[in-house]
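Just so we're aligned, residue 116 is where the sequence shown starts under the numbering used here, counting upward by one.
C-beta: ideal position from N, C-alpha, C; glycine also.
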Amino acid sequence: MTTLFTSKTPLGKAISTTKAQLNRLETVGVKNVAEFLRYFPRTYTDSSNLIPILEIRTDQINTVKGTLSQLVEIRTKFGKKLIKAKLTDQSGSVDIIWFNQPFIKKLLHNGQQIILSGKAKFDLGKVTLLSPEYEAVGQKQLHTARLVPVYHETEGLTSKWIREKIHPLLKSAKQLFPEYLPSDIIEKYQLMPYANAIMETHFPATQNKLETAKSRLAFDELFLLQLKALQKKWQWQQTAEKNRKRLSIHDSLPEFQKILPFELTNAQTKSLTEILSDLNQDFPMSRLLQGDVGSGKTIVAGLAILNALLHGYQAALMAPTEILAEQHYKTISKLFQNPEVLKQTFNIRFLSGSTKATEKAEIYLGLATGTIDFVIGTHALIQESLQFKNLGLAVIDEQHRFGVHQRSILKSQGSPHLLSLSATPIPRTLAMTIYGDQDLSIIDEMPKGRLPIVTRIVPERKRKDAYLWIEDRIKTGRQAFIICPLIDESDTLELKSVLSEYENLKRDIFPLLNIGLLHGKLKPSEKEEVMTKFKANEFQILVSTSVVEVGIDVPNATIMMIEGAERFGLSQLHQFRGRVGRGEHQSYCFLFMQNDSQTAKQRLKAMVDHHSGFKLSEIDLELRGPGQIYGVRQSGIPDLKMASLTDSEMIVKAREAAQSIINIDPELDHYPILKNKISDFDNVYVKD
Ligand code: ADP
Ligand code: MG
116 MTTLFTSKTP
126 LGKAISTTKA
136 QLNRLETVGV
146 KNVAEFLRYF
156 PRTYTDSSNL
166 IPILEIRTDQ
176 INTVKGTLSQ
186 LVEIRTKFGK
196 KLIKAKLTDQ
206 SGSVDIIWFN
216 QPFIKKLLHN
226 GQQIILSGKA
236 KFDLGKVTLL
246 SPEYEAVGQK
256 QLHTARLVPV
266 YHETEGLTSK
276 WIREKIHPLL
286 KSAKQLFPEY
296 LPSDIIEKYQ
306 LMPYANAIME
316 THFPATQNKL
326 ETAKSRLAFD
336 ELFLLQLKAL
346 QKKWQWQQTA
356 EKNRKRLSIH
366 DSLPEFQKIL
376 PFELTNAQTK
386 SLTEILSDLN
396 QDFPMSRLLQ
406 GDVGSGKTIV
416 AGLAILNALL
426 HGYQAALMAP
436 TEILAEQHYK
446 TISKLFQNPE
456 VLKQTFNIRF
466 LSGSTKATEK
476 AEIYLGLATG
486 TIDFVIGTHA
496 LIQESLQFKN
506 LGLAVIDEQH
516 RFGVHQRSIL
526 KSQGSPHLLS
536 LSATPIPRTL
546 AMTIYGDQDL
556 SIIDEMPKGR
566 LPIVTRIVPE
576 RKRKDAYLWI
586 EDRIKTGRQA
596 FIICPLIDES
606 DTLELKSVLS
616 EYENLKRDIF
626 PLLNIGLLHG
636 KLKPSEKEEV
646 MTKFKANEFQ
656 ILVSTSVVEV
666 GIDVPNATIM
676 MIEGAERFGL
686 SQLHQFRGRV
696 GRGEHQSYCF
706 LFMQNDSQTA
716 KQRLKAMVDH
726 HSGFKLSEID
736 LELRGPGQIY
746 GVRQSGIPDL
756 KMASLTDSEM
766 IVKAREAAQS
776 IINIDPELDH
786 YPILKNKISD
796 FDNVYVKD
């Protein structure tokens, strides 16, 4: 039998219904047949277990089969219409009441064999089924006596209606959803065929089949995401001329490492080894180096840069803010001025939006002609007019602060090796999915001798004491951050409360101290000014909204006080905490709560117990889902319908499967449907 529609057939042509219903479906994103069949149930009620009427209980969904009798419509004294009836089987009989469904009188009739499924109440020794789902025996069972799909319902769009409309379409599933995964992958991971998975998801035969169906669909999502990412990675590797920038480990590099004031941690060494081995490949590196604030990413990136410079290539280091870029410029240019060991000096320059025009022109020329070896700067590095002579390695600090497009501009500079740094650690499997086109190195270990930041949840009654304590510390020369929650920087009401908190602190709490204020509404130049003053200890306290997150280094600041801490995700709190503990002094993090519910307190307790950003983001992932992890929201990951980004086992499997295909057929020439599916993947991740 053939059907007359394709997956793109407008729904109005495939089912008979009203314009109003079609509009309702459209508001939930369903316009055609395929979309309708991929409108998956939210959950299921299990009424598969038929019981004798005698065994009806009030604490369960009861599904019973019997003969209908005494069907009547009655009117209550308040004018409400009720349908009453009785159902009888061999074990006994039960009363039934349906509220507000007068049409039932016409749909059912006495003597009919039906199945009912619903809750029961006991009243004065009598059992009554309350507005049960009903269905005649004999026809295909959709609403009762099975695992019944429950959909997201909106006004006028009931699960019952959806079931009835979807069911007849499912016989076209095989035609609409042809299998697109290679059979060896299906076999290896024991996946249910695609069309079957769609059918079983709506009307599962058994709980087991439902699980298998859902896991097939979840696998698909993760698989396609990663296939796309791995293909992107492959394409990136193809863009480079073979062998051009193959950089072995230069002899001077180990020599230079010996004169560093410290030894690298094991995690740093491992990451550096991974990076150096990438640099020595035929194709350009695309690697993400993740590590907590203070874990020492800069020196690892610095050594990689040095290796490129030693080989005569240019390098670029881009940071999201002027202050951060300048910080890098100072430390790194000092570090690399070492003619004894390196036997040469490098021409290193700083470039930002505020670089004067004449100097800028000179830097542009130097980079184009190759007299400048290494440029450190801000977004100013990715102006289209800026040209490098032979850029060998580009490093992007705090990569999540840059868009994909911005990164691709740097890539277009003759396909340099690319290293991104991120201080917002996320679990490896999640990173694999989100940043799947990059390889991953992880620094999960702090340099020796780092004092863990003492973290406390402070009850409101201790607030005064905390202020006094902070003032004492400041008298000994330290500085403090006070973070106020302003989750949405455009929320003017909340901004007002931050401003008034700032006034309050200035006037009433710390009248003798200088206090700066930082929030998202300030102009970039104003922000820079506030930060510069804080850095110079002209402000002892910096009151700030969450804009302070990005890697600013004020080693003298040792106190991080956070208001309304329960409103932030753990990974974000961890980012705040990372602003302190950067110097030799013991640092502290105080968490205050606006709403100190028990669950919130418990969640915040993780901040006291854990100091690893990886651990905290894992907890975030468990508790609040991936969207809450700092740095993930910005990554533009699509909403997944079936897959869970916490299911690391499946992520790894899907990765493995995707890799196996890219290995043999990166352009997917032998997998036309697959190719088509991921080609326009950016907005919708699964196309049919
Ligand atoms: P981040 O990973 O946040 O960018 P940085 O690279 O700025 O961290 O390093 C933080 C501080 O730790 C710097 O002062 C750096 O010199 C120092 N550092 C880095 N690696 C080590 C190490 N292995 N031992 C001791 N100190 C180190
Ligand atoms: Mg850094």
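Beta-carbon proximity check, residue i vs residue j, cutoff 8 Å
i, j, result
"isoleucine 572", "lysine 716", "yes"
"serine 232", "serine 287", "no"
"glycine 507", "alanine 430", "yes"
"methionine 722", "leucine 755", "no"
"leucine 245", "histidine 282", "no"
"asparagine 225", "leucine 186", "yes"
"lysine 471", "threonine 484", "no"
"serine 367", "asparagine 395", "no"
"alanine 538", "glutamate 513", "yes"
"isoleucine 830", "proline 293", "It is not possible to answer for residue 830, since the shown part of the chain is limited to 116 through 803."
"leucine 126", "valine 148", "yes"
"glutamine 452", "threonine 446", "no"
"asparagine 422", "histidine 365", "yes"
"threonine 160", "valine 263", "yes"
"proline 562", "threonine 380", "yes"
"phenylalanine 691", "isoleucine 598", "yes"
"arginine 770", "leucine 738", "no"
heavy atom of ligand 2 below 7 Å from residue i C-beta
i, result
"threonine 413", "yes"
"aspartate 780", "no"
"aspartate 407", "no"
"aspartate 512", "yes"
Proximity test, residue i beta-carbon vs ligand 1 heavy atom, cut-off 7 Å
i, result
"alanine 538", "yes"
"proline 562", "yes"
"threonine 380", "yes"
"glutamine 594", "no"
"isoleucine 383", "As written in the sequence, residue 383 is glutamine, which differs from the isoleucine given in the question. Glutamine 383: yes, Cβ under 7 Å from ligand 1."
"serine 410", "yes"
"phenylalanine 371", "no"
"phenylalanine 517", "no"
"phenylalanine 451", "no"
"phenylalanine 377", "yes"
Boundaries (first-last residue) of the alpha helix (DSSP H) holding residue i
i, result
"histidine 532", "First-last for histidine 532: 532 to 537, but that is the beta strand (DSSP E), not the alpha helix (DSSP H)."
"methionine 547", "543 to 549"
"glutamate 279", "274 to 284"
"leucine 291", "288 to 291"
"isoleucine 420", "412 to 425"
"glycine 127", "126 to 129"
"phenylalanine 151", "148 to 152"
"methionine 433", "Methionine 433 -> not in any alpha helix (DSSP H); beta strand (DSSP E) instead, spanning 429 to 433."
"aspartate 554", "Unbroken run through aspartate 554 is the beta strand (DSSP E), 554 to 558; no alpha helix (DSSP H)."
Rounded Cβ spacing between residue i and residue j (contact assumed at less than 8 Å)
i, j, result
"leucine 482", "glutamine 498", "Not quite, the Cβ-Cβ distance comes to about 11 Å (not below 8 Å), so this is no contact."
"leucine 525", "leucine 533", "7 Å"
"threonine 191", "isoleucine 230", "27 Å between Cβ atoms; not a contact."
"glutamine 405", "threonine 548", "The pair is not a contact, with the Cβ atoms about 14 Å apart (cut-off 8 Å)."
"glutamate 643", "glutamate 455", "No, glutamate 643 and glutamate 455 are not in contact; Cβ-Cβ is about 36 Å, not under 8 Å."
"valine 658", "leucine 627", "Not quite, the Cβ-Cβ distance comes to about 16 Å (not below 8 Å), so this is no contact."
"valine 490", "alanine 416", "Not a contact, Cβ separation roughly 14 Å."
Segment limits, beta strand (DSSP E) that includes residue i
i, result
"valine 265", "262 to 265"
"leucine 296", "No beta strand (DSSP E) contains leucine 296, which DSSP labels as neither H nor E."
"glycine 406", "401 to 406"
"threonine 207", "The sequence shown places glycine at residue 207, rather than the threonine named in the question. Looking at the DSSP string, the run of the beta strand (DSSP E) that includes glycine 207 is 207 to 214."
"leucine 583", "Premise fails: leucine 583 lies in the alpha helix (DSSP H), 578 to 590, not in any beta strand (DSSP E)."
"arginine 571", "569 to 572"
"serine 246", "241 to 251"
Residue i beta carbon near ligand 3 (any heavy atom closer than 7 Å)
i, result
"aspartate 587", "Questions concerning ligand 3 fall outside what the structure shown contains, since the ligands it does hold are ligand 1 and ligand 2."
Legend entry - the region 561 to 571 / the region 698 to 717 touching (three or more Cβ pairs under 8 Å): yes
Legend entry - Cβ pair count under 8 Å reaching 3, the region 291 to 310 against the region 170 to 179: no
Inset, instruction - Flag this pair as touching only if the region 200 to 219 and the region 172 to 183 have three or more C-beta atom pairs under 8 Å; answer yes or no. - result: Flag = yes, the region 200 to 219 and the region 172 to 183 touch.
Legend entry - Three or more C-beta pairs below 8 Å linking the region 393 to 411 and the region 341 to 354: yes
Legend entry - Contact the region 771 to 779 vs the region 337 to 347: 3+ CB pairs below 8 Å: Yes: at least three Cβ pairs fall under 8 Å.
Legend entry - Stretch-stretch touch, CB-based, cutoff 8 Å, three pairs: the region 144 to 160 with the region 311 to 323: yes
Legend entry - Given 8 Å, three or more beta-carbon pairs between the region 267 to 282 and the region 122 to 141: In short, these stretches touch, since the Cβ pair count reaches three.
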